[in-house]
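S.K.: Sharing a structure here in C-alpha cells format.
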Amino acid sequence: MEAILQQLINEMKAIKINMATKEDIQRLEEKIDNNAIKIDNNATKIDNNTAKIDNNAAKIDRNYSQINRNFNQIAANSEKLQELSKISQRQDKSMETLALRSIEHETKLRDL
C-alpha cells in the first residue's frame with residue numbers, strides 16, 4: 000500500500016513537472032498577443048510600402064513617357080539641325096561665288 004502511495008506521489012510530481020502552470024499559460028498568451036501586434040504593425044508597413052511602390056511605379060511611367068517625348072524631340076531637332084547645316088553650307092558656297100563675282104566685276108570696272 001505504501002509502495003502504491005509512493006508511486007502515485009511520484010506520478011503526480013511527474014505530471015506537475017510536465018503540466019503548464021497558469022503563469023506559463025499567461026506568459027504564452029502575452030507572447031501571442033505581442034506577436035499579433037507585431038504582425039498587425041508589419042501588415043500596416045507592408046500596406047504603406049505597397050502604396051509607395053504603386054506611387055513610384057506611376058512616377059516611373061510618367062518619367063518614361065517624358066523621356067520618350069524628349070527622345071523624339073531630340074531626334075526631330077537633330078534632323079532639323081542637319082538640314083540647317085546643309086543650308087548653311089550652300090549659303091557659304093553662294094557667298095563665296097558672289098564674292099568672287101564681285102571681285103571679278105570690280106576688276107572689270109577698273110579695267111574700263
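Residue 5 in numbering that gives the first Met the number 0 is what sits at position 6 of the sequence shown, and the numbering runs on without skipping anything. Ideal Cβ placement from N, Cα and C applies to all residues, glycine included.
Identify whether T106 lies in helix, strand or coil by the three-state DSSP scheme.
M.R.: Along the sequence shown, read from residue 1 onward, the residue named residue 106 stands at position 107. The answer is helix: DSSP assigns T106 an H, G or I state.
S.K.: Alpha carbon to alpha carbon, how far is I52 from A42?
M.R.: Against the sequence shown, residue 52 aligns to sequence position 53. Against the sequence shown, residue 42 aligns to sequence position 43. Rounded to whole angstroms, I52 to A42 spans 15 Å at the Cα level.
S.K.: Rounded to whole angstroms, what is the Cα-Cα separation between N67 and I59?
M.R.: Position 68 of the sequence shown, counted from the start, is the residue given in the question as residue 67. Position 60 of the sequence shown, counted from the start, is the residue given in the question as residue 59. The straight-line gap from Cα to Cα measures roughly 12 Å.
S.K.: Report the rounded CA-to-CA distance for I14 versus I8, giving the unit in angstroms.
M.R.: As a first step, residue 14 is located in the sequence shown; it is residue number 15 there, counting from the start. As a first step, residue 8 is located in the sequence shown; it is residue number 9 there, counting from the start. In this structure, the straight-line span from the alpha carbon of I14 to that of I8 is close to 10 Å.
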